[in-house]
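Each number in the numbering used here comes from the position in the sequence shown (counting from 1) with 50 added on. Remarks on the structure that follows.
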Amino acid sequence: MIEVWFSYGEIRYSKPQILFLLAHMDLLERGYWVPRHDDSGYLGSSKGRAYKHEGYFVKPIVIIAELTARLDATGDDGKLVIERYHLEVDELDLADKHRLDYLTVISRIDKAIRYCSGENRKRLSYTAWQISRGIYQRQ
């Protein structure tokens with residue numbers, strides 16, 4: 051299996067990127083970006099000393115905070131996403147834990163990820179967005 055890796059400059063909150071961020075949420079919240087799996091460990095450079103205007107930890111924290119804010123906007127559905135892809139709880143176990151139908155769990159996770167996807171946050175609330183898409187179901 052080839053592990054997917056994204057640099058922070060590539061993050062546009064697509065579904066694969068969201069899943070990547072959730073898989074490495076703990077590391078990102080501590081302010082570290084996920085190391086590339088094929089990095090050699092070489093730290094030298096032929097260039098002169100470069101100075102950055104912000105700490106190394108800023109970008110990872112800002113990116114994971116944005117994803118967390120988007121997931122928080124989806125309420126309980128966002129919590130299901132975190133449990134599924136960050137805590138790696140199976141959908142069947144989530145259905146049992148939350149006393150939901152298996153297909154309902156899958157649907158709610160999918161809707162929350164679609165709401166969180168995209169370069170910019172949605173202007174509509176999660177409920178209004180679902181209604182506008184014709185996918186709203188009372189819970």
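Glycine included, C-beta positions come from ideal geometry on N, C-alpha and C.
Check	Outcome
Runs of alpha helix (DSSP H) lying entirely within the segment 102-166, each at least 4 residues, in chain order	108-122, 126-135, 141-148 and 152-166
K161 classed as buried or exposed, judged by whether at least 16 other C-beta atoms fall within 10 angstroms	buried
Whether G168 touches Y63 by CB criterion (8 Å)	yes
Neighbour-count burial assignment, Y165, 16 or more Cβ in a 10 Å radius	buried
Cutoff 8 Å: I159 Cβ touching any chain D Cβ	In the structure shown, chain D does not exist; there is a single protein chain.
Collapsed DSSP secondary structure at Y186 in the structure displayed	coil
Validate contact between the segment 172-184 and the segment 142-154 using beta carbons, cut 8 Å, 3 pairs	no
CA-to-CA distance, R188 to E79, given in whole angstroms	33 Å
Nearest neighbour of I114, chosen from V155, L142, G105 and I61 [CA to CA]	I61
Pairwise C-alpha distance: W55 and R86	6 Å
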